[in-house]
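Protein sequence lines correspond, in order, to chains G and Y. Under the working numbering, think of the first position of the first sequence as -4, with each following residue one higher. Under the working numbering, think of the first position of the second sequence as 417, with each following residue one higher.
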Amino acid sequence: MTDPNDLKKEGNDAKDGLLDGSAVSVVAGMAVAKAEAKAAEEAAAKAAKIEAAKVTKTTATPIHCNGSAETHPLTWRLSQADEVLDIDLYESLEGYAGLKKALAMTSAYVQGVVKDAVLRGRGGAGFPAGIKWSLIPMNKEGAPDVGPKYLVCNADEMEPGTFKDRLLMEKLPHQLIEGMILVSHAIGAQTGYIFLRGEYILAAKNLNAAIDQAKAKGYLGENILGSGHNFELHVHTGAGRYICGEETALINSLEGRRANPRTKPPFPQISGAWGKPTIVNNVETLCNVPPKGCRMVVVAMREPRFMARQVRLNSQVYGNYQLVQRVVKFSRSQAACRMA
Amino acid sequence: MMIFKDKAAQAARIVSDKQPHIHVNVEAVLTEKERDAIHEFMHHYPDSRAASLDSLKHVQKRNGWVDDDQVNAVAQVLGISVPDVEGVATFYNRIYRQPVGRHVILLCDSIACYLMGNESLADVFKRQLGIQYGQTTPDGRFTLLPICCLGNCDKAPSLMIDEDTYGLVSEAQVAGVLEQYV
Chain G
-4 MTDPNDLKKE GNDAKDGLLD GSAVSVVAGM AVAKAEAKAA EEAAAKAAKI
46 EAAKVTKTTA TPIHCNGSAE THPLTWRLSQ ADEVLDIDLY ESLEGYAGLK
96 KALAMTSAYV QGVVKDAVLR GRGGAGFPAG IKWSLIPMNK EGAPDVGPKY
146 LVCNADEMEP GTFKDRLLME KLPHQLIEGM ILVSHAIGAQ TGYIFLRGEY
196 ILAAKNLNAA IDQAKAKGYL GENILGSGHN FELHVHTGAG RYICGEETAL
246 INSLEGRRAN PRTKPPFPQI SGAWGKPTIV NNVETLCNVP PKGCRMVVVA
296 MREPRFMARQ VRLNSQVYGN YQLVQRVVKF SRSQAACRMA
Chain Y
417 MMIFKDKAAQ AARIVSDKQP HIHVNVEAVL TEKERDAIHE FMHHYPDSRA
467 ASLDSLKHVQ KRNGWVDDDQ VNAVAQVLGI SVPDVEGVAT FYNRIYRQPV
517 GRHVILLCDS IACYLMGNES LADVFKRQLG IQYGQTTPDG RFTLLPICCL
567 GNCDKAPSLM IDEDTYGLVS EAQVAGVLEQ YV
């Protein structure tokens, strides 16, 4: 049983670690124990007060529409437009800039940068994405070809009370696509699948439209932007089963089998979809790659150590939080909070 | 659950390995468009089996549910066994292997919607339609089903009818929502 004082203390610690000027909020979890619930309630009330104060200052602007690229790396584009569905609009908002930079670098370098940045998986487990990618076999000169590899985006968001990925896919589909192309370059995958849950009708529509736009612009397909990298992306929609969100069950489902989880090892990085090396990453993890790819390269040239500190701070601190339940004015906010 | 009128009809629905595969005339069961769509899905994957779910979903659009002939036809087009397709069809919640109404109402009963009054909302639906969860109205217009989180928690209580998602649904709005579906 967690002591409520401990919980409060943790909340204070989190506050101390915040960057200046960042939004403050606390995750109000579904605490089972009464004490935990009470502490969470207090913390949520406190956060709501701060949020409310903020909202009054910027009238009629949802909290996620009021940030810069530094404080709201995932959602800052929504401060410029309600939704960014058009590729030209996305490009005018620094879209595909991170991808262009990353394509000029080697796969190993991109992997290294993300590894150093300690970008943690946003599916819930928080496993560092860079380490996950480094387990995938890469083509080496003089060695036989590794063969096909797959990149799968886990968009089977079904956890009760979770809707962060929905926002990212419905309003910023290009951000996810950019992230997937970038990661496919880093791991050398030629085919990617967005495993989307069947109930996200609008997300499927927007993602498919965005994929068509990206294809027309040469961001998807053969020899992307003259880099020699090929990548095909498909949207696979499910038909409703909670277990499909589990990594290996998702792979089984993608293969057209009943979505029962597989035993590990072998891990998907070695033998995943169709027995080939496969990386499964959450939507938010993949969305987090381009802004970092964009920013860190600039800083890396100047001061590598500063970059590592800065990016590490970002990746560990920033997350996407949703507030539900009788909170009307700010349903989604990207709040700064220490990741558990 | 649907009750079968006679045992023979029930036996015909159960597909097992012992039962010889009933070969159907694919051209008669699936339209040309449906067959083209299935072939298009197969191009997305290195193995045709992976297209089974996409195919079932596509085939289901015609009648709202998938019957035995359609399952057999899909298996033949994909070149995999009927039990394999049946296994996929019965695993996923939203592939229906028995007749459903023209419109399927999916009521989210997860925690956020539950706290925001899903139960009383469900009661209104049940009263207005005169059915319980899992049943279809006698006129074949609506089927009412519960569903796990729709990811629309910020607009709880939430529900989905066919491909339309509704949020912040009050009990007074139920009749108006139902009217839109004939």
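Every residue gets a Cβ at the ideal spot worked out from N, C-alpha and C, and that includes glycine.
Can you confirm whether valine 240/G, when its beta carbon is compared against all beta carbons of chain Y, has any partner nearer than 7 angstroms?
Reading the sequence as shown, one finds glycine at residue 240/G and not valine. For glycine 240/G, the answer is no, since every Cβ of chain Y falls outside 7 angstroms of its Cβ.
Whole-Å CB distance - glutamine 75/G paired with leucine 88/G, under 8 angstroms assumed
6 angstroms
Coarse secondary structure for proline 562/Y, derived from DSSP in three states
strand
Simplified DSSP assignment, three categories, for valine 275/G
strand
Suppose contacts are defined by Cβ-Cβ distances below 7 angstroms. Is arginine 253/G in contact with phenylalanine 457/Y by that definition?
no
C-alpha distance - arginine 518/Y paired with glycine 235/G, whole-angstrom precision
19 angstroms
CA-to-CA distance, valine 504/Y to proline 261/G, given in whole angstroms:
24 angstroms
Quick one: which chain G residues come within Cβ less than 8 angstroms of arginine 451/Y?
By Cβ distance, chain G contributes nothing, its closest Cβ being about 18 angstroms from arginine 451/Y, past 8 angstroms.
Straight-line CA distance for aspartate 484/Y to serine 266/G?
34 angstroms
How many angstroms separate the CA atom of asparagine 134/G from the CA atom of alanine 150/G?
28 angstroms
Rounded C-alpha distance that separates aspartate 83/G from leucine 584/Y
34 angstroms
What residues match up with isoleucine 577/Y in a beta bridge as DSSP calls it?
Ile521/Y, Asp580/Y
For asparagine 568/Y and leucine 162/G, the rounded distance between their alpha carbons
10 angstroms
What do you reckon, are the CB atoms on leucine 215/G and leucine 228/G nearer than 7 angstroms?
yes
Quick check on serine 468/Y - is its C-beta less than 7 angstroms from some C-beta in chain G?
yes
Using 7 angstroms as the limit for Cβ to Cβ distance, is alanine 234/G near chain Y?
yes
Below 7 angstroms between beta carbons: does that hold for proline 263/G and valine 278/G?
no
Can you tell me the Cα-Cα spacing of glycine 125/G and alanine 181/G, whole angstroms?
10 angstroms
Could you work out which residue in Ala491/Y, Ile563/Y, Pro515/Y, His459/Y is closest to valine 440/Y when comparing CA atoms only?
Ala491/Y
Determine the contact status of glutamine 486/Y and valine 445/Y, defining contact as a CB-CB distance below 7 angstroms.
yes
Within-7 angstroms CB hit, aspartate 578/Y to chain G:
no
Measure the beta-carbon distance from threonine 559/Y to valine 520/Y and round it to whole angstroms, keeping in mind my assumption that it falls under 8 angstroms.
5 angstroms
Residue of Leu98/G, Ala99/G, Thr70/G minimising C-alpha distance to tyrosine 85/G
Thr70/G
Taking 7 angstroms as the CB-CB cut-off, is histidine 460/Y touching chain G?
yes
Taking any Cβ of chain Y, which residues in the stretch 258 to 287 of chain G have a Cβ under 9 angstroms from it, in chain order?
Ala268, Trp269, Lys271
Which runs of the beta strand (DSSP E) fall wholly inside the stretch 112 to 193 of chain G and span at least 3 residues, in chain order?
145 to 150, 186 to 191
Looking only at DSSP bridge pairs, what is phenylalanine 507/Y linked to?
Its beta-bridge partners do not exist; DSSP assigns none.
By the three-class DSSP mapping on this structure, what secondary structure does glycine 221/G have?
helix
Contact the stretch 203 to 223 of chain G vs the stretch 459 to 472 of chain Y: 3+ CB pairs below 8 angstroms
no
Residue interval of the beta strand (DSSP E) (run including leucine 228/G):
227 to 232
Cβ closer than 7 angstroms: which chain Y residues qualify as neighbours of valine 158/G?
Looking at the sequence shown, residue 158/G is not valine but phenylalanine. Here the neighbours are Gly567, Asn568, Cys569, Asp570.
Can you tell me the Cβ-Cβ gap for glutamine 170/G and phenylalanine 226/G, rounded? I've got them flagged as a contact below 8 angstroms.
That pair is no contact at about 16 angstroms.
Could you tell me if glutamate 298/G is buried or exposed, where buried requires 16 or more neighbouring beta carbons within 10 angstroms of its beta carbon?
Residue placement at glutamate 298/G is flagged as unreliable, the pLDDT there being 33, under the threshold of 50; a coordinate-derived value is accordingly withheld.
From the beta carbon of proline 68/G, is the nearest beta carbon of chain Y less than 7 angstroms away?
no
How many whole angstroms separate the CB atoms of leucine 130/G and proline 168/G, which I take to be in contact at a CB cut-off of 8 angstroms?
Wrong, their Cβ atoms sit about 28 angstroms apart, outside the cutoff.
When you compare the CB of proline 256/G with every CB in chain Y, is at least one pair closer than 7 angstroms?
no
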